[in-house]
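I have placed the structure first, in the form of structure tokens, so that the comments after it can refer back to it.
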Ligand code: MN
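Residue numbers (the numbering used here): -9 to 185.
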């Protein structure tokens, strides 16, 4: 997936109809992450990490957990442009991913991936199927790991919280903190404003 670029992203969308950004490969310093709650044909969370100028993306049906014992399925999706990280609104009926999107959490992250004690660049870790990183978000903080457990057509990863100060088995932020960190709106409010 490291070789993926924005062609797949653009091929799925008609930019005359959707207000999602067309995008281009960016080069901002300081790696960003964003998690978008996407109420589409199936409700899910899109987990995105800035790597080499694009947002590497996974669809997480249950959303991220703060409980280190919870393993959350994360299915890779196409790379998205960096500007997508601030997209919030309604994707029209008949368009790819039709439904409502809000920015559920966002911030920066640090790559903590290591192998034999040596730091591993994100792209290499993703190619190998295992990365660790520390999130500095508003709702999520501290370490997480993404680990590939199935390759091929149904490539699948697991998103798991590390045991650190950001871990809390009693929190369920996807349920208790549903609002956008960008606008404070709920999905219904975004749909109402933009629909
Ligand atoms: Mn999505």
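All C-beta atoms, glycine included, are put in the ideal place defined by N, C-alpha and C.
Exercise for review: Give the straight-line distance between the Cα atoms of residue 58 and residue 163, rounded to the nearest whole angstrom.
Suggested key: For the purposes of this step, residue 58 is taken as residue 68 along the chain shown, with counting starting at 1. For the purposes of this step, residue 163 is taken as residue 173 along the chain shown, with counting starting at 1. The straight-line gap from Cα to Cα measures roughly 14 angstroms.
Review point. Considering only the beta carbon of each residue, do residue 205 and residue 115 sit closer than 7 angstroms?
Key: The structure shown has nothing for residue 205, since the chain only spans -9 to 185.
Check your understanding: Apart from the five residues on each side of it in sequence, which residues of its chain come closer than 6 angstroms, Cβ to Cβ, to residue 25?
Key -> Taking the first residue of the chain shown as 1, we reach residue 25 at position 35. Within the same chain, residue 25 has close Cβ partners 35, 37, 94 and 95.
**Study point:** Residue range of the unbroken beta strand (DSSP E) whose run includes residue 68
**Key:** Here the question's residue 68 lines up with position 78 in the chain shown. Run containing residue 68: 61 to 70, per the beta strand (DSSP E) assignment.
Exercise for review: Throw me the rounded Cβ distance for the residue -4 and residue 71 pair, which I believe falls under 8 angstroms.
Suggested key: Along the chain shown, read from residue 1 onward, the residue named residue -4 stands at position 6. Along the chain shown, read from residue 1 onward, the residue named residue 71 stands at position 81. Their Cβ separation, rounded to whole angstroms, is 6 angstroms, which keeps residue -4 and residue 71 in contact under 8 angstroms.
**Study point:** Segments assigned alpha helix (DSSP H), at least 4 residues, entirely inside the region 83 to 123
**Key:** 112 to 118
Review point. Starting from residue -1 and walking both ways along the alpha helix (DSSP H), at which residues does that stretch end?
Key: Position 9 of the chain shown, counting from 1, holds the residue named residue -1. It spans -3 to 1 - the alpha helix (DSSP H) in which residue -1 sits, taken as one unbroken run.
Check your understanding: Which class does residue 125 belong to by DSSP, given the choice of helix, strand or coil?
Key -> Here residue 125 corresponds to residue number 135 of the chain shown, with the count starting at 1. Note: residue 125 maps to strand in three-state DSSP.
Check your understanding: Since residue 136 contacts residue 125 with CB under 8 angstroms, what's their CB separation in whole angstroms?
Key -> Taking the first residue of the chain shown as 1, we reach residue 136 at position 146. Taking the first residue of the chain shown as 1, we reach residue 125 at position 135. Contact doesn't hold; Cβ gap of about 11 angstroms is too wide.
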